[in-house]
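2 protein chains.
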Amino acid sequence: MVTIKDVARAANMSVATVSRVLNGSGPVSEETGRLIREVASRMRYVPHSGARSLITSKTETLGVLLPDLYGEFFSEIIRGMDSTAQRHGFHLLISRTYADKPEIETAMRAMRGRVDGVVVLSPDLDADSLLNLPSTIPVVLLCSAAKGSQTDSLTIQNCRGAREMVTHLINLGHRRIAIIKGSPRNYDATERLRGYRMALRDGGITPEESLEQAGDFTEAAGYAAAIELLAMRNRPTAIFAANDAMAIGALSALRESGVRVPEDIAVAGFDDIPLARYMDPPLSSVHVPICELGERAVEMLLHGVTHKNDHPRRRERVSTELVIRRSTGGESAERPPPKTLKRETVST
Amino acid sequence: MVTIKDVARAANMSVATVSRVLNGSGPVSEETGRLIREVASRMRYVPHSGARSLITSKTETLGVLLPDLYGEFFSEIIRGMDSTAQRHGFHLLISRTYADKPEIETAMRAMRGRVDGVVVLSPDLDADSLLNLPSTIPVVLLCSAAKGSQTDSLTIQNCRGAREMVTHLINLGHRRIAIIKGSPRNYDATERLRGYRMALRDGGITPEESLEQAGDFTEAAGYAAAIELLAMRNRPTAIFAANDAMAIGALSALRESGVRVPEDIAVAGFDDIPLARYMDPPLSSVHVPICELGERAVEMLLHGVTHKNDHPRRRERVSTELVIRRSTGGESAERPPPKTLKRETVST
DNA sequence: GCCCTCTATGTAAACGATTACATATTTGTA
DNA sequence: TACAAATATGTAATCGTTTACATAGAGGGC
């Protein structure tokens, strides 16, 4: 591999001069500049970023610690992160971990010297203790139950979004509204459940335990939960699934049982994945701007990086939007349009 | 940040000894071992991997160059890559690029000194020229039209998979079979098209240009293409979409037009994304083991890394499987089961 | 002509680790 | 007891950069 020394030797110059030319730092004669650039490119010289970051103590890389995410959520959030990172000349070092603290700590340890900051996506509730990660590099906590103020953090407006959707169902006249929950240890899931309960109380309805079905964010769980609900002597008239995957599973179960949606039972989801509009019937959902979530997280992190982690901590939330389609019986003129992806929105 | 020197000073030892203790290299007395380990952990010392990789010239990191992928494909392939990488103690440095050669070259350049090898996923046909990437580090080309033997490469059995699916449709009695194509510049898409045409010819059917609708792998494109096909005076009786997203868009269009699937028109997709089985009707598709694709790519790359890129080049393909569900009218007892994800398969 | 200020370049010390080699101490053996 | 071998530790070079400081020549003002 050709190093800066090789270039210097070939150009009959010192390494310092070569470095100055290639980085545009310090004064150099126009002639030497041309010469060195020519030699460097002829030799196909590429600076060794590892060596560079050792002396500058900047890696221009951001670490991302993720749990085992599936589908759209994963790709969208990475897309958001990568695009803003690239815009600022940064790379992304991605690592999947289980969400528990020791795992995350080893992962962060392994990132020492490789990254300038880390985004930790840890939806696991117990990860609360992550707050006091003994970290000297900037950290942004994503979608986690971080209550303290030691770390920057960013979450989804889960509670409010769920509350709006359930309120919408109540306004349509529903009184027996079931929920298919996410894992009780998942932060987003518990917040959505909280929003569901708040909306019921707001509407003068007492939450009923049998209407709260367990789930784990998978289609299979949504399918199973719907079967359970159908078996009840006193069926709900609406089902709110804590995410779209489960809502889709539920739709599939209802269809097989010959239950009409929304006439017999209304169904709503959360996330508004692209496929939601292509379901039968098109699925009402709470839109989460996943890509923006990633973008914003990286922006916060970069802010921490440029301020050397010495900045007031922030806790932000990205807001959601109700998207009403046919599955809740809300009137909707929305058709999947051929190309443009305009989105119909009901704000509350 | 505490360095190895700080630890050495605190323990009253030389850096060499500290290094030896922490890496288990060279002989050390049990006592110093204990002492140093104790001091190191008390000071929360974490080795600087950048510095280490400078001298060892190993980064234990693999680069991944990806185009703008959406949905399941992206997350699954990363999952496969990350899990095998981690199993071998490697990290993943991910970068999105446009698929053209100059972009990829700059990206690879930026990776110099950061990674030990790179997986390049470049479905763009023109990327053929990537073959002679002037790279000294190992490269694995994924899903690209690499014909030469200069680089390891891994692809999906697109042609065979498509051919099997279309043959299945022919065996069901269909003669007018349409295809919704992917981008003509996409390698996977052109291979699937090739398989479609082969199957037709095998069945004694002459391919008909009007039955080959343009598409771009999005739901919206599938929707639009289906509308076109419905408008024909001589409608097809079956539609083969080059991926599931388009098949889902098509299903949605057919549903809205009151066309029954599979009675009036059969529909099939490619990829077998998890949602396929939850469609109405459940979608027949060609299963692609995306996760394995990622795993295998990393395995090939690691092989190149350990052999210092001095090894015979390979060209591998991962095989696909027909998954017949109701959308093609093939009888299927398959129901989405609550938990276990058994998959019903027709091998050919 | 002298001194000061630029400009262009070189020298060498970092950055934080690993490791070949040297040295000192202990142990084993004849 | 003495010497070789084994064990434990230290010294210093090295990886490929950047950059503070040093040096040398050129140009300008008096």
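Going down the list, the sequences are from chains W and E.
In terms of my numbering, the first sequence opens at residue 71 and continues consecutively.
In terms of my numbering, the second sequence opens at residue 71 and continues consecutively.
The beta carbon of each residue, even a glycine, is placed where N, CA and C say it ideally should be.
Taking 8 Å as the threshold (C-beta atoms), are Q220(E) and I250(E) in contact? No, Cβ-Cβ distance for I250(E) and Q220(E) is not below 8 Å.
Classify I147(E) as helix, strand or coil using the three-state DSSP reduction. It is helical.
Please state if the CB of T237(W) and the CB of A269(W) are separated by a distance shorter than 8 Å. With respect to T237(W), A269(W) sits close: the two C-beta atoms are nearer than 8 Å.
Considering just the uninterrupted stretch of the beta strand (DSSP E) at L242(W), what are its terminal residues? Neither: L242(W) is in no beta strand (DSSP E) and is coded neither H nor E.
Terminal residues of the beta strand (DSSP E) in which G133(E) lies: Run containing G133(E): T131 to L136, per the beta strand (DSSP E) assignment.
Name, please, each residue of chain W whose Cβ falls closer than 7 Å to the Cβ of V116(E). In chain order: R179 and R182.
Residue burial classification, G183(E) (beta-carbon count within 10 angstroms, cutoff 16): Classification for G183(E): buried.
Is the separation between the beta-carbon of A320(E) and that of Y293(E) shorter than 8 Å? Taking 8 Å as the Cβ cut-off, A320(E) and Y293(E) qualify as a contacting pair.
Since S223(E) is in the alpha helix (DSSP H), which residue starts that stretch and which ends it? Note, S223(E): premise wrong, no alpha helix (DSSP H); beta strand (DSSP E) at D222 to I226.
Based on Cα-Cα distance, which residue from T376(W), E175(W), I125(W) and I335(W) lies nearest to L299(W)? It is I335(W) whose Cα lies nearest to the Cα of L299(W).
Check whether the region 366-382 of chain W and the region 327-345 of chain E are in contact - that is, three or more C-beta pairs closer than 8 Å. The region 366-382 of chain W vs the region 327-345 of chain E: no contact.
Proximity of V85(E) and M113(E) at Cβ, strictly below 8 Å: Not in contact: V85(E) and M113(E) (Cβ atoms no closer than 8 Å).
Beta-ladder partner(s) of I250(W), from DSSP: In DSSP, I250(W) forms a bridge with Q283(W) and A311(W).
Counting C-beta neighbours from all protein chains within 10 Å, is the total for N228(W) 16 or more, i.e. buried, or is it exposed? By the neighbour-count definition (other C-beta atoms within 10 Å, threshold 16), N228(W) is a buried residue.
Cβ distance (whole Å) where R366(E) is taken to contact E386(E) below 8 Å: 7 Å between Cβ atoms; contact.
Based on the DSSP secondary-structure assignment, which residues constitute the bridge partners of A336(W)? Answer is A308(W), bridged to A336(W).
Which listed residue (G364(E), R149(E) and V134(E)) has its alpha carbon closest to that of I226(E): Minimum Cα-Cα distance from I226(E) among the listed residues G364(E), R149(E) and V134(E) corresponds to G364(E).
Element boundaries [alpha helix (DSSP H), containing E391(E)]: Residue range E391 to V393 is occupied by the beta strand (DSSP E) that includes E391(E), with no alpha helix (DSSP H) assigned at that position.
Short check: CB of V337(E) to CB of S280(E), under 8 Å? No, Cβ-Cβ distance for V337(E) and S280(E) is not below 8 Å.
Any beta carbon of chain W sitting closer than 8 Å to that of M235(E)? Cβ-Cβ to chain W under 8 Å: no for M235(E).
Name the two residues that bound the continuous beta strand (DSSP E) containing V116(E). Unbroken run through V116(E): none, as it is neither H nor E.
M370(E): CB within 7 Å of a non-hydrogen atom of the ligand SAM: No copy of the ligand SAM appears in this structure; indeed no ligand is present at all.
I want to verify the contact list: residues of chain E whose CB lies under 7 Å from the CB of P344(W), in sequence order. Chain-ordered, the chain E residues with CB closer than 7 Å to the CB of P344(W) read E289.
Once the 5 residues before and after E289(E) are set aside, which same chain residues still bring their CB inside 8 Å of it? Only A315, M316, I318, G319 and S322 meet the Cβ criterion.
What's the C-alpha gap between V331(W) and K128(W)? Between V331(W) and K128(W), the C-alpha separation is close to 55 Å.
At least one CB of chain E closer than 8 Å to the CB of L281(W): is that the case? By this cut-off, L281(W) is not an interface position.
Please tell me whether S428(W) and P137(W) are closer than 8 Å, where the distance is taken between their beta carbons. No information on residue 428(W) is available, as it lies outside the stretch 71 to 418 that chain W covers here.
Straight-line CA distance for R383(E) to R157(W)? Roughly 36 Å between the two C-alpha positions.
What residues from chain E crowd round I164(W), counting only those whose CB sits closer than 9 Å? Within chain E, the residues near I164(W) are V134, I148, D152, H161, L162, L163 and I164.
According to the Cβ coordinates, are P133(W) and M83(W) closer than 8 Å? Inspection of the sequence shows that residue 133(W) is occupied by Gly rather than by Pro. Not in contact: G133(W) and M83(W) (Cβ atoms no closer than 8 Å).
Between V116(W) and A80(W), is the Cβ-Cβ spacing less than 8 Å? No; because the gap between Cβ atoms is not below 8 Å, this pair is not in contact.
Name the chain E residues that come within less than 8 Å of I318(W), Cβ to Cβ? The contacting residues are L345 and Y348.
Mind listing the chain E neighbours of R366(W)? Cutoff is C-beta to C-beta under 8 Å, in chain order. In chain order: nothing, as chain E lies at least about 18 Å away.
Determine whether the beta carbon atoms of A155(E) and T167(E) lie at a separation below 8 Å. Not a contact, by the Cβ cut-off of 8 Å.
Compute the distance between the beta-carbons of D152(E) and I106(W), then report whether it is under 8 Å. Cβ distance not < 8 Å, so D152(E) and I106(W) don't count as in contact.
For S417(W), which of helix, strand or coil comes out of DSSP? Because the pLDDT at S417(W) is just 28, under 50, the model does not fix this residue reliably, and the point stays unresolved.
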